[in-house]
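One structure below.
Chains as they are written, first to last, in this note's numbering: chain D, 591 to 872; chain A, 1237 to 1552.
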């Protein structure tokens, strides 16, 4: 078996880093324009989303309903901005649509909507649905002998609710190795630090106790993210969760680790400062 | 009189239909020996998923299976499907419009041994309020069996309400069953009895009682609460001028509420609602005894019919 590392030349990592930077800029501009959205969790997930949408996922923008495509569920649906930016940059819909996010006649809803937006595999927004819905998708794929994989991006806050763990038990019961969860562990939620509001630790041990294979990465290190995504494909007989340690608001100094930026839109001056830090849009 | 239970009619039909349609998958939450999804489970173990006592997870899993092209039947007690799993039903089934079939067993007061914690007398009000949901109530075992393929082949979310026990027969075997199309079980010009579920058979008995008093009651079965057959109801309102609804459910928001909405919108007529008053009911020795004690007796229906007719005469 070839090692995963050899598949990820520096050129690829550089490209994906540029995509992640673009997704951050897009997200902030969209949230500013709309005057609503969730910057913190969009920025913390930028490398993960870039790695999935610009490298890992087998998808075809010309055929959003292609039955053999990999599925992606943004269980932390609040980070809709970064998903919309990625879908648009991958060609699922025109970039002009991003500027119309939230208009009553625009397909882009406050949170992802599978019925209105091409490329959205499952509606999300209220938390906790990603794992159990992903379990159903993974079961269907296996029953039909299909090789596609199911990816679920989780927030850390949603690990405080029960349904996610019900789904985690089911995924282990059915040994769903075609299901990969990525946990965007930025340790900040709406009201403050996750470790204060309702601590999740010991979190690695929790997932292990639920019979998942657990990988731990720096969620902003693209090499680590890609290697973990590849490793997950080689794990048999159980699902894998990639616990990705991230920084909420990553890339914008005044947003980083600040709960206030969980769901606040930057004003024009704040957007300009953020853009100056992130650099020009590619 | 030991007619087949509604759950058994359903459970056997589901197993039968599983043979005809390989896309059908069945989920249960540790109640398969109660809901009788066990018939399917033993015949098609590879298409049966017991998720344990975790109804919200079960509904979301069914959503994923539906998105993968399967036709999932989700089995649980009606109280749990309509209450504990409601957010999943609202968001992942209805809003996301996924092809999930909710088979809601032990509805009404049919779980008489377990009592009010297990009763489901608000589920119709809840399910009816959800956009995209089709709401169907089976009136007896034979009808429950016939709904299985119809619900499976319906495109979109559906809630099929089932009871633990048997019901007085509705006698719809020879009639065409169609989603959204009510049935006229008995003709009559004097008053209309509109029943759903286990109260349909009781409406027929009430009509017999009224007949002995010289009152010819029309009896309608509204099996589909949503979309409701407004045309049939308005015709009855215009032709009989007085109506009674009867349901094993709260009088708030169920069949009575649905019919009141139809009448008030286009064909006003006096309406009496027979159902469980705005309260939780109590444990009893049999569903029938609980129904009788909480206002659902045959006599209650007949009395309500006479009240509706008196209101018609008085013009109120």
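All residues carry an ideal CB built from backbone N, CA and C; glycine is no exception.
Contact list for residue 708/D against chain A, beta-carbon separation under 9 Å:
The residue given as residue 708/D occupies position 118 in the first chain. Simply none; closest approach about 15 Å.
Strand pairing of residue 1357/A, partner residues [DSSP]
Along the second chain, one-based indexing puts residue 1357/A at 121. For residue 1357/A, which the question treats as bridged, DSSP gives no partner whatsoever.
Proximity below 9 Å, CB of residue 1494/A to CB of residue 1462/A:
Residue 1494/A sits at position 258 when you count from the first residue of the second chain. Residue 1462/A sits at position 226 when you count from the first residue of the second chain. Judged by beta-carbon spacing, residue 1462/A lies within the 9 Å limit of residue 1494/A, meaning their Cβ atoms are closer than that value.
So is residue 647/D in contact with chain A if we call contact Cβ pairs under 9 Å?
As a working mapping, residue 647/D is identified with position 57 in the first chain. Not flagged as an interface residue toward chain A: residue 647/D, since no C-beta distance is shorter than 9 Å.
Are the C-beta of residue 598/D and some C-beta of chain A separated by less than 9 Å?
As a working mapping, residue 598/D is identified with position 8 in the first chain. With 9 Å as the cut-off, residue 598/D does not count as an interface residue toward chain A.
When the Cα atoms are used, what is the spatial distance from residue 721/D to residue 1474/A?
Reading the first chain from its first residue, position 131 is the one you call residue 721/D. Reading the second chain from its first residue, position 238 is the one you call residue 1474/A. Rounded to the nearest whole angstrom, the C-alpha separation of residue 721/D and residue 1474/A is 52 Å.
Which chain D residues sit within Cβ distance under 8 Å of residue 1255/A?
Here the question's residue 1255/A lines up with position 19 in the second chain. Those within 8 Å of residue 1255/A in chain D number zero; the least Cβ separation is about 17 Å.
Chain D within 9 Å of residue 1288/A, Cβ atoms only:
For the purposes of this step, residue 1288/A is identified with residue 52 of the second chain, where counting begins at 1. For residue 1288/A, the closest Cβ of chain D is nearer than 9 Å.
Can you pull the chain A neighbours of residue 677/D, defined as C-beta to C-beta under 9 Å?
For this step, residue 677/D is matched to residue 87 along the first chain. Simply none; closest approach about 17 Å.
What residues in its chain sit with their C-beta under 7 Å from that of residue 626/D, if we drop five residues either side in the sequence?
In the first chain, counting from the first residue as 1, residue 626/D sits at position 36. 692, 855.
What do you reckon, are the CB atoms on residue 1433/A and residue 1485/A nearer than 9 Å?
For the purposes of this step, residue 1433/A is taken as residue 197 along the second chain, with counting starting at 1. For the purposes of this step, residue 1485/A is taken as residue 249 along the second chain, with counting starting at 1. One thing to note: residue 1433/A has its Cβ within 9 Å of the Cβ of residue 1485/A.
Below 9 Å between beta carbons: does that hold for residue 1393/A and residue 1336/A?
If you number the second chain from 1, residue 1393/A lands on position 157. If you number the second chain from 1, residue 1336/A lands on position 100. For the 9 Å CB-CB criterion, residue 1393/A and residue 1336/A form a contact.
My output table needs one value for residue 1324/A: the three-state DSSP class, helix, strand or coil.
Indexing the second chain from 1 puts residue 1324/A at position 88. In the three-state DSSP reduction, residue 1324/A falls in the helix class (H, G or I).
Cβ-based burial, residue 656/D [other Cβ within 10 Å; buried from 16]:
As a first step, residue 656/D must be located in the first chain, where it is residue number 66. With fewer than 16 Cβ atoms within 10 Å of its Cβ, residue 656/D is classed as exposed.
Relative to chain A, which residues along the segment 726-739 of chain D have a C-beta separation below 8 Å, given in chain order?
Of all residues in the segment 726-739 of chain D, those with a C-beta nearer than 8 Å to a C-beta of chain A are 726, 727, 728, 729, 730, 731, 733, 734, reading in chain order.
With distances taken from CA atoms, which of 736/D, 747/D, 755/D, 805/D is nearest residue 830/D?
Taking the first residue of the first chain as position 1, residue 830/D is located at position 240. Nearest option by C-alpha distance: 805/D.
Closer than 9 Å to chain D by CB, residue 1294/A
Stepping through the second chain from its first residue, residue 1294/A is reached at position 58. Interface criterion met: the Cβ of residue 1294/A is under 9 Å from a Cβ in chain D.
Let me see if you follow: with CB-CB separation under 9 Å, is residue 1246/A close to chain D or not?
The sequence position of residue 1246/A within the second chain is 10, counting from 1. No, no contact with chain D.
Less than 9 Å between CB atoms is the rule here; does residue 713/D satisfy it with respect to chain A?
The count along the first chain starts at 1 and reaches residue 713/D at position 123. Taking a beta-carbon distance threshold of 9 Å, residue 713/D counts as an interface residue toward chain A.
Applying the 10 Å Cβ sphere with the 16-neighbour rule, what's the burial state of residue 694/D?
Position 104 of the first chain holds residue 694/D. The C-beta of residue 694/D has fewer than 16 other C-beta atoms within 10 Å across all chains shown, which makes the residue exposed.
If you reduce the DSSP assignment to three classes, tell me which class residue 869/D lands in.
Translated into the one-based positions of the first chain, residue 869/D becomes position 279. Taken through DSSP and simplified to helix, strand or coil, residue 869/D comes out as coil.
Report the neighbours of residue 756/D on chain A: residues whose CB is nearer than 7 Å to its CB, in chain order.
The sequence position of residue 756/D within the first chain is 166, counting from 1. Correct list: 1290, 1292, 1293.
Relative to the C-alpha of residue 1323/A, which residue among 1311/A, 1314/A, 1296/A, 1306/A is closest?
Here residue 1323/A corresponds to residue number 87 of the second chain, with the count starting at 1. Across the set 1311/A, 1314/A, 1296/A, 1306/A, the C-alpha of 1296/A shows the shortest separation from the C-alpha of residue 1323/A.
With residue 1292/A as the anchor, note down where its alpha helix (DSSP H) starts and where it stops.
Walking along the second chain from the start, residue 1292/A turns up at place 56. Its alpha helix (DSSP H) spans residues 1291-1303.
Going by Cα to Cα distance, which pick from 640/D, 671/D, 737/D is closest to residue 813/D?
On the first chain, residue 813/D is found 223 positions in, with the first residue counted as 1. Looking at the Cα atoms, 640/D is the closest of the given residues.
Can you tell me which of the three DSSP states residue 1287/A falls into?
Taking the second chain and counting its residues from 1, the one referred to as residue 1287/A is at position 51. Note: residue 1287/A maps to coil in three-state DSSP.
Can you give the beta carbon distance from residue 634/D to residue 836/D, rounded, assuming they're within the 8 Å contact cut?
The residue you call residue 634/D lines up with position 44 of the first chain. The residue you call residue 836/D lines up with position 246 of the first chain. About 4 Å; that satisfies the 8 Å criterion.
Alpha-carbon spacing of residue 1269/A relative to residue 1313/A, whole angstroms
As a first step, residue 1269/A must be located in the second chain, where it is residue number 33. As a first step, residue 1313/A must be located in the second chain, where it is residue number 77. One C-alpha to the other measures close to 12 Å.
Going by the beta-carbon positions, is the gap between residue 1342/A and residue 1398/A smaller than 9 Å?
By one-based count along the second chain, residue 1342/A stands at place 106. By one-based count along the second chain, residue 1398/A stands at place 162. Going by beta carbons, residue 1342/A and residue 1398/A fall inside the 9 Å limit.
For residue 1390/A, which three-state DSSP category applies?
Start at 1 with the first residue of the second chain, and residue 1390/A comes out as number 154. It is coil, neither helix nor strand.
Assign residue 1444/A to one of two classes, buried (16 or more other C-beta atoms within 10 Å of its C-beta) or exposed (fewer than that).
Residue 1444/A sits at position 208 when you count from the first residue of the second chain. With fewer than 16 other Cβ atoms inside 10 Å of its own Cβ, residue 1444/A counts as exposed.
Using a Cβ-Cβ distance cut-off of 9 Å, determine whether residue 759/D contacts chain A.
Taking the first residue of the first chain as position 1, residue 759/D is located at position 169. By this cut-off, residue 759/D is an interface position.
State the DSSP-derived secondary structure class of residue 1275/A, mapped to helix, strand or coil.
Indexing the second chain from 1 puts residue 1275/A at position 39. The answer is helix: DSSP assigns residue 1275/A an H, G or I state.
Indicate whether residue 754/D and residue 662/D have their beta-carbon atoms separated by less than 9 Å.
Along the first chain, one-based indexing puts residue 754/D at 164. Along the first chain, one-based indexing puts residue 662/D at 72. Contact: no.
Ends of the beta strand (DSSP E) at residue 615/D?
Reading the first chain from its first residue, position 25 is the one you call residue 615/D. Here residue 615/D belongs to no beta strand (DSSP E); instead the alpha helix (DSSP H) covers 600-624.
Could you check where the beta strand (DSSP E) with residue 1308/A kicks off and where it finishes?
Residue mapping note: residue 1308/A aligns to position 72 of the second chain, counting from 1. Per DSSP, residue 1308/A belongs to the beta strand (DSSP E) from 1307-1313.
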